[in-house]
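J.:
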Amino acid sequence: MTMATAGEKIYEWDKQPRMPVPAPPRGSCDCQFHLYDDPAKFPPRPNPPYPPIESATFTEAQKMHKAIGFGRGVIVHSAIYGSDHRLLLHALESLNDRDRYRGIGIVDDRVSDKELERLHAAGGRGARFNFVRFLALDQREAEIKRSMGRLRELGWYARLHVNGEDLLNNSNLLRSLEDVPMVIDHFGHVGFEGGMNRPVIRWVLDMLKQENWWMMVSNGNRDSKMDAGWDDAIPYGKAFIEAAPDRIIWGTDWPHPQWTKRMMNDAEEVELLYRYVDGDATLLRKILVDNPARLHGFKQQ
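Take the sequence shown: its letter number 114 is residue 122 in our numbering, and every next letter is one higher.
#1: Closest to glycine 90 by CA distance: which of Ser102, Arg106 and Phe50 is it?
#2: Buried or exposed: where does glycine 228 fall if 16 or more other Cβ atoms within 10 Å of its Cβ makes it buried?
#3: Under three-state DSSP, which class holds isoleucine 114?
#4: To the nearest angstrom, report how far apart alanine 232 and phenylalanine 200 are at their CA atoms.
#5: Between the Cα of alanine 87 and the Cα atoms of Phe137, Gly81 and Gly132, which residue gives the shortest distance?
#6: Within the same chain, show all residues whose beta-carbon is closer than 6 Å to that of lysine 307, passing over the 5 residues directly before and after it, in chain order.
#7: Please state whether DSSP places arginine 148 in a helix, a strand or coil.
#8: Using a threshold of 8 Å, state whether the C-beta atoms of alanine 135 and isoleucine 112 are closer than that.
#9: Give the DSSP-derived three-state secondary structure of methionine 190 in the structure shown.
#10: Is leucine 143 helix, strand or coil when you go by DSSP?
#11: Just the Cα atoms here: how many angstroms apart are arginine 255 and glutamate 276?
#12: Here's the rule I'm using: 16 or more other beta-carbon atoms within 10 Å means buried, otherwise exposed. How should asparagine 55 be labelled?
#13: Mind checking which residues open and close the alpha helix (DSSP H) that includes arginine 183?
#14: Starting from glutamine 70, trace the alpha helix (DSSP H) in both directions and tell me its first and last residue.
#15: Measuring straight from C-alpha to C-alpha, what distance separates leucine 143 and proline 57?
#16: What do you reckon, are the CB atoms on tryptophan 262 and methionine 72 nearer than 8 Å?
#17: May I have the straight-line CA-CA distance separating serine 226 from glutamate 20, to the nearest angstrom?
#18: Using only the alpha-carbon positions, how far apart do leucine 181 and valine 198 sit?
#19: Could you check what DSSP says for isoleucine 257 in three-state terms: helix, strand or coil?
#20: Determine the extent of the alpha helix (DSSP H) in which alanine 252 is found, giving its start and end residues.
#21: Do you know whose CA, among Trp222, Ala166 and Ile295, lies nearest proline 33's CA?
#22: Would you kindly check if the distance between the Cβ of alanine 69 and the Cβ of arginine 26 is under 8 Å?
#23: Starting from histidine 197, follow its DSSP beta bridges and name the residues at the other end.
#24: Quick check on DSSP: helix, strand or coil for alanine 135?
#25: Could you pull out every residue in the same chain whose Cβ sits closer than 8 Å to the Cβ of leucine 291, ignoring the five residues on either side in sequence?
#26: Between the beta-carbon of asparagine 273 and the beta-carbon of aspartate 22, is there less than 8 Å?
#27: Return helix, strand or coil for phenylalanine 167, following the three-state DSSP convention.
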């Protein structure tokens, strides 16, 4: 992910999502979307990387999921709130059906054991570690290792928000974490130029041989150089899915913060995923239903 530069137009999410063609399988899970709300009630941290998208409430997210045919989702706590989980807890604890949504927090030394227990009871199942520099959530290696130990005790997984080379720069640390499930989100933002033989691509494919490493093949449209179709993402989607079909998930990344290209309908993102699997219904069900259920503790459908 990159931040919009000064003067760049930022587009808001499409308010009229439609059903993808064909419709996704029953029980499909959007494994990454963010929530925002009134900053008077849920203030962002000091000097956030971008302002809250106040229209992107949990109510609107649920409407979007219904429109695109998704019955489940995973709320990924936005970096603009730091490790203040009040909004995430408010959303998860408001649910009548606790088997529809899960949460991913941000775990650092400021988060108490009591708060982690509350998050787990509400549906928290993992924590996101932001290695991208512009988010300004620097965690030193010792703190990351302490946080990983806390995840291990809860049975949670770690989600890695990186910009390509961050994986290589932190290779020794990441390779040492063998007993925590590790999920690279958004293709690792490896970029779709330069071919499949780059060091970062080889590194990712090597890690996907390990049973604790997963990937979320989302945001192909964000990293693409194209405004529509996103053909340059397809070889990468296919390669990563082929490498670990039982450890691939997908998400919308709604409401697409800091979006500076043509804003797509969320159904278009789902239809891009269909192209990664060449319409293979069995493989699609793994990515949208079975794998997310196993990773997040949903009931299998």
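Every residue, glycine too, gets a C-beta built ideally from N, C-alpha and C.
T.: The relevant details are as follows:
#1: Against the sequence shown, residue 90 aligns to sequence position 82. Ranking the options by Cα distance to glycine 90, first place goes to Phe50.
#2: For the purposes of this step, residue 228 is taken as residue 220 along the sequence shown, with counting starting at 1. Flag for glycine 228 reads buried.
#3: If you number the sequence shown from 1, residue 114 lands on position 106. Of the three classes helix, strand and coil, the one that applies to isoleucine 114 here is coil, per DSSP.
#4: As a working mapping, residue 232 is identified with position 224 in the sequence shown. As a working mapping, residue 200 is identified with position 192 in the sequence shown. It should be noted that the sequence gives serine, not alanine, for residue 232. Computed Cα separation, rounded: 7 Å.
#5: As a first step, residue 87 must be located in the sequence shown, where it is residue number 79. The option with the nearest alpha carbon to alanine 87 is Phe137.
#6: Counting from 1 along the sequence shown, the entry for residue 307 is found at position 299. For lysine 307, where only same-chain residues beyond five positions count, the Cβ hits under 6 Å are Asp107.
#7: Locating residue 148 in the sequence shown gives position 140, where the first residue counts as 1. Reduced to three states, the DSSP call for arginine 148 is coil.
#8: Counted from its first residue, the sequence shown places residue 135 at position 127. Counted from its first residue, the sequence shown places residue 112 at position 104. Contact: yes.
#9: Looking up residue 190 in the sequence shown gives position 182. In this structure, methionine 190 counts as strand in the three-state DSSP scheme.
#10: Here residue 143 corresponds to residue number 135 of the sequence shown, with the count starting at 1. Caution applies to leucine 143, whose pLDDT of 44 falls short of 50 and renders its modelled position unreliable; the model cannot decide the point.
#11: For this step, residue 255 is matched to residue 247 along the sequence shown. For this step, residue 276 is matched to residue 268 along the sequence shown. So the alpha carbons of these two residues sit roughly 23 Å apart.
#12: In the sequence shown, the residue the question calls residue 55 occupies position 47. It is exposed - the Cβ of asparagine 55 has fewer than 16 other Cβ atoms within 10 Å.
#13: Along the sequence shown, read from residue 1 onward, the residue named residue 183 stands at position 175. 179-183 is the extent of the alpha helix (DSSP H) around arginine 183.
#14: As a position in the sequence shown, residue 70 is number 62, starting the count at 1. Here the alpha helix (DSSP H) through glutamine 70 covers 66-76.
#15: By 1-based counting over the sequence shown, the position of residue 143 is 135. By 1-based counting over the sequence shown, the position of residue 57 is 49. In this prediction, leucine 143 has a pLDDT of 44, which is less than 50 and means its spatial position is unreliable; nothing more can be read from the coordinates.
#16: What you label residue 262 is simply residue 254 of the sequence shown in a count that begins at 1. What you label residue 72 is simply residue 64 of the sequence shown in a count that begins at 1. Yes, the pair counts as a contact, with Cβ atoms nearer than the cut-off.
#17: Residue 226 sits at position 218 when you count from the first residue of the sequence shown. Residue 20 sits at position 12 when you count from the first residue of the sequence shown. The straight-line gap from Cα to Cα measures roughly 18 Å.
#18: Residue 181 sits at position 173 when you count from the first residue of the sequence shown. Residue 198 sits at position 190 when you count from the first residue of the sequence shown. Near 19 Å, if we compare the C-alpha coordinates of valine 198 and leucine 181.
#19: In the sequence shown, the residue the question calls residue 257 occupies position 249. Strand.
#20: Taking the sequence shown and counting its residues from 1, one reaches residue 252 at position 244. Note, alanine 252: premise wrong, no alpha helix (DSSP H); not H, not E.
#21: Counted from its first residue, the sequence shown places residue 33 at position 25. Here the closest residue by C-alpha is Ile295.
#22: The residue you call residue 26 lines up with position 18 of the sequence shown. The residue you call residue 69 lines up with position 61 of the sequence shown. Not in contact: arginine 26 and alanine 69 (Cβ atoms no closer than 8 Å).
#23: Taking the first residue of the sequence shown as position 1, residue 197 is located at position 189. Per DSSP, none; premise fails for histidine 197.
#24: For this step, residue 135 is matched to residue 127 along the sequence shown. Strand at alanine 135.
#25: Numbered from its first residue, the sequence shown carries residue 291 at position 283. Contacts found: Ile249, Pro253 and Val285.
#26: Residue 273 sits at position 265 when you count from the first residue of the sequence shown. Residue 22 sits at position 14 when you count from the first residue of the sequence shown. Contact: yes.
#27: Counted from its first residue, the sequence shown places residue 167 at position 159. The amino acid at residue 167 is misidentified as phenylalanine; the sequence shows arginine. Strand.
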